[in-house]
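First up is the structure itself, then whatever we jot down about it.
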Amino acid sequence: MTSYIARRLVQTIGLLFLLSILLFALVNIAPGGPLSAYGGRRIRPERVEILKRQFGLDQPLPLQYIYWLAGNDWLQIDSDGDGIAEQSGTRKGILRGDFGFSYRTREPVLHEIGLRLPNTVTLMGITMLTAILIAIPLGIYSALKQYSIFDFLATTFSFAGQAIPEFWLGLLLILIFYAWLKNPWTGEPLLPPGGMSSLDSGFSLSDRLAHLVLPVLTGALGWIAWYSRFLRSSLLEILPLNYLRSARARGLSERRVVFHHALRNALIPIVTLVALDLPYIFTGAVLIESIFAWPGMGRLYYQAAVERDYPLLMAVLIIGAGFIILCNLIADILYAYLDPRVRYE
Amino acid sequence: MSTYIETIESPAEQSVDLAQNVWKRFRRHRGAIAGGVIFTVLALMCILAPLSPYDPEKSNLPEKFQPPSAAHWLGTDALGRDLFTRILYGGRISLSVGGIAVSISLLIGVPVGALAGYYGRGLDSLLMRITDAFLSLPSFLVLILLAAILREVELPFFQRNNVFTISFVIGILSWMTFARLVRAAFLTLRELDYVSAARALGSSDGRIIVGHILPNGIGVVIVEATLQLGYAIIQEAGLSFLSFGIQQPTPSWGNLISAAQDHFIKYPWLAIFPGLMIFLSIISVNYIGDGLRDAFDPYKVLERVGEYT
Chain G
78 MTSYIARRLV QTIGLLFLLS ILLFALVNIA PGGPLSAYGG RRIRPERVEI LKRQFGLDQP
138 LPLQYIYWLA GNDWLQIDSD GDGIAEQSGT RKGILRGDFG FSYRTREPVL HEIGLRLPNT
198 VTLMGITMLT AILIAIPLGI YSALKQYSIF DFLATTFSFA GQAIPEFWLG LLLILIFYAW
258 LKNPWTGEPL LPPGGMSSLD SGFSLSDRLA HLVLPVLTGA LGWIAWYSRF LRSSLLEILP
318 LNYLRSARAR GLSERRVVFH HALRNALIPI VTLVALDLPY IFTGAVLIES IFAWPGMGRL
378 YYQAAVERDY PLLMAVLIIG AGFIILCNLI ADILYAYLDP RVRYE
Chain X
3 MSTYIETIES PAEQSVDLAQ NVWKRFRRHR GAIAGGVIFT VLALMCILAP LSPYDPEKSN
63 LPEKFQPPSA AHWLGTDALG RDLFTRILYG GRISLSVGGI AVSISLLIGV PVGALAGYYG
123 RGLDSLLMRI TDAFLSLPSF LVLILLAAIL REVELPFFQR NNVFTISFVI GILSWMTFAR
183 LVRAAFLTLR ELDYVSAARA LGSSDGRIIV GHILPNGIGV VIVEATLQLG YAIIQEAGLS
243 FLSFGIQQPT PSWGNLISAA QDHFIKYPWL AIFPGLMIFL SIISVNYIGD GLRDAFDPYK
303 VLERVGEYT
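Which chain is which? The protein sequence lines are G and X, in order. Counting from 78, one number per residue, gives the positions in the first sequence under our numbering. Counting from 3, one number per residue, gives the positions in the second sequence under our numbering.
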């Protein structure tokens with residue numbers, strides 16, 4: 078197992094390397110070049126030249142890639158174009174955690190990400206937890222009562238939940254809970270339509286929670302539909318198996334058979350499914366965050382895309398891809414750990 | 003002696019039987035039939051959009067924000083355009099994007115999977131590493147990036163994020179499942195005796211891949227293609243909602259909702275109806291996919307029939 082993990086880690090590094098080349102190429106063949114949208118500000122052509130030299134953009138692409146990856150602080154750079162190199166490079170490269178500066182705010186990219194990440198982790202973490210807590214009982218009950226009215230409704234719901242575009246659902250929920258339903262005592266809208274907290278008041282837990290309800294509902298629905306349907310079919314595959322029949326024959330209660338013996342096995346695929354969805358906790362949900370004006374990673378990425386803030390876009394994509402690869406690995410390891418029948422050589 | 007000859011049918015004869023069997027089983031799936039009917043009606047309505055007396059793009063300010071009525075079945079938008087007409091024209095765009103995007107991912111994914119599965123070894127690991135790399139991308143974020151870049155450029159075929167551009171970016175980010183499914187099918191099928199027989203009879207690799215192995219793996223590909231169609235429609239809608247997709251004034255289901263965002267509290271129909279179209283088309287496509295999955299997987303159907311009788 079250890080050697081398997083080691084081999085997978087090596088593969089992971091190779092994969093990330095491949096991806097970094099892919100993404101770097103993509104961003105750099107984009108017409109206009111990264112400086113064409115320098116914060117939307119107008120800059121004098123001479124200044125552009127100097128900036129280009131400082132960023133190393135006058136160099137051939139493969140060299141630029143190396144600077145981006147490993148930095149250029151070991152080199153002397155000729156920033157004014159007189160043929161004499163007079164200052165050393167300032168970039169450390171992404172390998173040493175230097176993702177460069179955001180074109181838009183001129184702050185280090187990692188600083189920008191650090192400001193938004195906690196908001197996204199809060200939103201997506203709560204969304205995922207809600208989804209799991211609802212989906213598991215739903216899936217179990219649906220499987221135990223296969224072909225009942227409840228099962229029919231739950232299955233239909235899960236088809237519907239997977240077909241609803243989340244941004245549309247978000248707008249519908251705002252319509253219902255903000256525009257139509259009012260708090261019967263105050264006459265205020267029942268729930269706020271967006272943001273993380275009310276501006277005027279100080280910190281209040283109930284205010285924070287009220288702001289979470291709609292985005293969490295919007296995000297959770299798709300996951301509830303997906304997880305519950307998966308759990309239902311995985312339980313249905315297991316329930317007729319012989320080991321459960323012998324458990325019943327030994328006189329165990331149906332409750333114990335289902336919850337102790339069947340569920341353990343049925344949950345294994347769900348655990349891996351959840352592990353595969355974990356990267357969303359970092360990248361966030363662009364559509365939900367933009368509807369509910371949630372200041373998280375998704376909105377940060379969206380703004381960066383509008384203004385073509387390439388260093389930020391690259392950083393989010395690379396780190397996001399890293400998370401995806403890591404979570405894939407975690408999912409595979411968890412799978413082998415939970416299910417002794419699975420062996421990797 | 004005759005039994006042996008019967009087992010080696012030509013692919014054409016086989017496929018007739020397969021299609022008949024699949025259709026027979028598909029008909030038993032009520033959800034799939036309902037989905038098929040709804041989707042056909044939706045598609046027909048969109049195809050017949052030019053029958054509408056209104057222009058989908060020309061503004062008519064005096065009639066703006068009218069609620070649904072006999073003249074304007076679904077009301078009018080901020081520029082006084084008939085929403086129903088715009089939804090139908092938008093449907094042409096959204097459904098074409100879905101169809102073209104899936105065709106593009108099929109065109110990439112099926113050959114990649116077939117070559118990797120048939121030839122194995124070095125080619126297999128190279129192609130599968132590339133597939134893994136694509137699978138490790140946060141796909142919606144890359145989609146946004148690509149669309150944001152292409153929105154700014156003027157290339158032949160790619161002008162201003164038209165239908166082809168959006169289909170292209172969705173397609174090149176979603177071929178990986180096809181590649182994996184086809185590869186898996188090839189890995190099993192290439193070992194079977196009928197393939198050795200074809201090779202012994204002197205068939206070329208190309209003929210074996212296209213004529214003998216591919217037809218037997220087509221089931222999973224068709225099922226996946228239906229599901230991908232729904233996925234592509236939702237991706238286009240999300241992209242256009244963020245204004246990186248199909249650009250105004252050309253309507254698409256996504257940008258209709260996007261345009262409604264500023265007014266939907268007062269004029270909710272502007273957001274409700276386009277979304278309903280997306281919802282209906284995706285749920286019907288998913289039911290069709292579910293029916294096809296059962297139809298291509300006879301064991302599951304036997305179980306189902308056993309349960310019902």
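Using N, Cα and C, we set each Cβ at its ideal position, and we do this for glycine too.
- Here G:L394 is near X:L143, since their CB atoms are less than 8 Å apart.
- For G:Y414, the enclosing alpha helix (DSSP H) stretches over residues 387 to 415.
- What X:A150 touches in chain G, judged by beta-carbon distance under 8 Å, is A382, V383, R385, going in chain order.
- Residue pairing from DSSP places G:Q153 in a beta bridge opposite G:S165.
- In this structure, the straight-line span from the alpha carbon of G:R385 to that of G:L172 is close to 23 Å.
- Counting along the chain, X:I89 sits inside the alpha helix (DSSP H) bounded by residues 85 to 121.
- Secondary structure of G:P185 (DSSP, three-state): strand.
- Look at X:Y269: its C-beta is not under 8 Å from any C-beta on chain G.
- The beta carbon of G:L92 falls within 8 Å of a beta carbon belonging to chain X, placing the residue at that interface.
- Note on geometry: alpha-carbon atoms of G:T360 and X:E193 lie some 42 Å from one another.
- The beta carbon of G:Y379 falls within 8 Å of a beta carbon belonging to chain X, placing the residue at that interface.
- Residues T349, V419 of the same chain have their beta carbon placed closer than 6 Å to that of G:Y412, with the five preceding and five following residues left out of the count.
- For X:K60, no pairing in a beta bridge is given by DSSP.
- Under the three-state reduction of DSSP, G:F254 is assigned to helix.
- Along the region 266 to 293 of chain X, the positions whose C-beta sits under 9 Å from a C-beta of chain G are F266, I267, K268, P270, A273, I274, P276, G277, L278, I280, F281, L282, S283, I284, I285, S286, V287, N288, Y289, D292, read in chain order.
- Taken atom to atom, the span from the alpha-carbon of G:S225 to that of G:S235 is near 15 Å.
- DSSP, read as helix, strand or coil, puts G:F178 in strand.
- Fully contained in the region 317 to 400 of chain G are the following alpha helix (DSSP H) runs of length 4 or more, in chain order: 319 to 326, 340 to 354, 357 to 360, 363 to 368, 374 to 383.
- Only those residues of the region 219 to 234 of chain G whose C-beta falls short of 8 Å from the nearest C-beta of chain X are listed: Y224.
- Scanning chain X for C-beta atoms nearer than 9 Å to the C-beta of G:T360 yields P140, F142, L143, reported in chain order.
- Counting C-beta pairs closer than 8 Å gives fewer than three between the region 267 to 274 of chain X and the region 19 to 35 of chain X, which falls short of the contact rule.
- An exposed status is given to G:M78, since fewer than 16 other beta-carbon atoms sit within 10 Å of its beta-carbon.
- For a Cβ distance threshold of 7 Å, residue set L244 of chain X lies close to G:S367, ordered along the chain.
- Counted as a single uninterrupted DSSP element, the stretch harbouring X:H74 is not any alpha helix (DSSP H), since DSSP gives it neither H nor E.
- Chain G places no beta carbon closer than 8 Å to that of X:L231, leaving this residue out of the contacts.
- The three-state secondary structure of X:K66, taken from DSSP, is coil.
- From the listed residues G:L389, G:L308, G:R85, G:G397, the smallest Cα separation to G:A212 is found for G:L308.
- Taking 8 Å as the CB threshold, G:A212 stays off the interface with chain X.
- Burial of G:I241 is indicated by the presence of at least 16 other C-beta atoms within 10 angstroms of its C-beta.
- A distance of 8 Å or more separates the beta carbons of G:F369 and X:G240.
- Counting the other Cβ atoms within 10 Å of the Cβ of X:E226 gives 16 or more, which makes it buried.
- Taking C-beta atoms as the reference points, G:L390 and G:A381 count as a pair closer than 8 Å.
- About 4 Å separates the CB atoms of X:P58 and X:Y91; that is less than 8 Å, so the two are in contact.
- By the neighbour-count criterion, in which a residue is buried when 16 or more other Cβ atoms sit within 10 angstroms of its Cβ, G:W151 is exposed.
- Closer than 8 Å at the C-beta level to chain X, one finds these residues of the region 256 to 279 of chain G: A256.
- Its Cα nearest to that of G:L128, the residue G:I154 stands out among G:S97, G:V383, G:I154.
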